[in-house]
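All remarks here apply to the structure that follows.
In the numbering used here, the protein residues as written are 733 to 1026.
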């Protein structure tokens, strides 16, 4: 069996209707083993001598109507190696449960609270999971940020006593995936790095940049002066050869669509509606600056 010296948190954000898992381990590519989640159903972390079937089987039990404690009891009671397992579950209503088998390596244990469960094994001490819990309870903002901050708090409190290697965060919500085709809003992994949590935080920031929600006030109408500026940017990027008319015509629309697609910013541009996120405009200004005169 594979031993994951790991700490993790599973959580539910009732306001955003998001479920998430974040974990760090002295183990290669922990994101390929520990996290499981489904929008409207719940989230699961399976670790220690991980029984990966806890992921899909646990989600199926939750989907059938079992609560997190009931699903975890069913999974562990049917597992002859349960003393070597560790798992955390949060369900569709935010009910949480954690389990640590008697044979898990010290320090091992977990805590639960409103809409979250955190757990760890082969840790420096119990202060790691307590720090994760306290961080999550005090934090605000997007669930992904809160979960990664909680991992950082756990690491600062001692973390995995074997060190660091990989980390991940997974967030699901209904139609949260790319273009709304699945529920995988965010799935970011650092598979092998001496400081994986710090790198994971940077990846989350990049995800916000490319795929974050645009506030209504941040949508800019592509017309007049802004349209003329964008035409200049499109000229400098090689996507537009016309005059800087300030008219948002079909040629300008197609050129803008091509550029934002190349820059992976298409989720923040509604070119058919002549709307663009001010964040995108700022990025394009910096990447394709106007040439100074003189």
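For every residue, glycine included, the Cβ atom is placed at its ideal position computed from N, Cα and C.
Candidates the options: which alpha carbon is nearest residue i's?
i            : options                : result
residue 979  : 744, 959 and 997       : 959
residue 917  : 834, 758 and 770       : 770
residue 740  : 831, 945 and 747       : 831
residue 851  : 795, 998 and 738       : 738
residue 855  : 837, 868, 849 and 845  : 837
residue 1035 : 809, 1007 and 896      : Coverage of the chain is limited to positions 733 through 1026, which leaves residue 1035 absent and any answer about it impossible.
residue 950  : 757, 1012 and 756      : 1012
residue 774  : 945, 824 and 785       : 824
residue 789  : 772, 1004, 940 and 768 : 768
residue 822  : 948, 791 and 833       : 791
residue 906  : 772, 763 and 848       : 772
residue 939  : 874, 989, 845 and 750  : 874
residue 912  : 954, 889 and 945       : 945
residue 992  : 1010, 1005 and 1016    : 1016
Between which two residues does the beta strand (DSSP E) containing residue i stretch?
i           : result
residue 829 : 828-832
residue 971 : Looking at the DSSP string, residue 971 is not in any beta strand (DSSP E), and its letter there is neither H nor E.
residue 790 : Here residue 790 belongs to no beta strand (DSSP E); instead the alpha helix (DSSP H) covers 786-795.
residue 917 : 916-922
residue 737 : Premise fails: residue 737 is in no beta strand (DSSP E) and is neither H nor E.
residue 778 : 774-781
residue 757 : 750-757
residue 899 : 898-904
Should residue i go down as buried or exposed, given a rule of 16 or more other Cβ atoms within 10 Å for buried?
i            : result
residue 926  : exposed
residue 881  : buried
residue 973  : exposed
residue 816  : buried
residue 872  : exposed
residue 1030 : Nothing about residue 1030 can be read from this structure; the chain reaches only from 733 to 1026.
residue 860  : buried
residue 810  : exposed
residue 794  : buried
residue 1018 : exposed
residue 928  : buried
residue 981  : exposed
residue 955  : exposed
residue 1014 : exposed
residue 970  : exposed
residue 827  : buried
For residue i, which residues of its own chain have a beta-carbon under 6 Å away from its beta-carbon, when the five flanking residues on both sides are left out?
i           : result
residue 761 : 898 and 923
residue 758 : 737, 892, 894, 895 and 897
residue 833 : 814, 815, 816 and 817
Beta-carbon within less than 7 Å of residue i's beta-carbon, same chain only, minus the 5 sequence neighbours each way: which residues are those?
i            : result
residue 879  : 741, 743, 752, 754 and 901
residue 968  : 1020
residue 747  : none
residue 920  : 900, 901, 932, 935, 936 and 939
residue 1003 : 985, 988 and 989
residue 964  : 976 and 1022
residue 835  : 815 and 816
residue 784  : 765 and 778
residue 869  : 845
Quick one: residues in its chain with C-beta nearer than 8 Å to the C-beta of residue i, no 5 flanking neighbours on either side, listed in chain order?
i           : result
residue 858 : 839 and 841
residue 942 : 996, 997, 999 and 1000
Assuming residue i is part of the alpha helix (DSSP H), what are its boundary residues?
i           : result
residue 856 : Neither: residue 856 is in no alpha helix (DSSP H) and is coded neither H nor E.
residue 939 : 928-943
Segment contact flag, the stretch 859-868 with the stretch 876-894, C-beta cutoff 8 Å, min 3 pairs: Enough Cβ pairs lie closer than 8 Å, so yes.
Touching by the beta-carbon criterion (3+ pairs, under 8 Å), the stretch 949-963 and the stretch 800-815: When Cβ pairs closer than 8 Å are counted between the two stretches, the stretch 949-963 is seen not to touch the stretch 800-815, the count staying below three.
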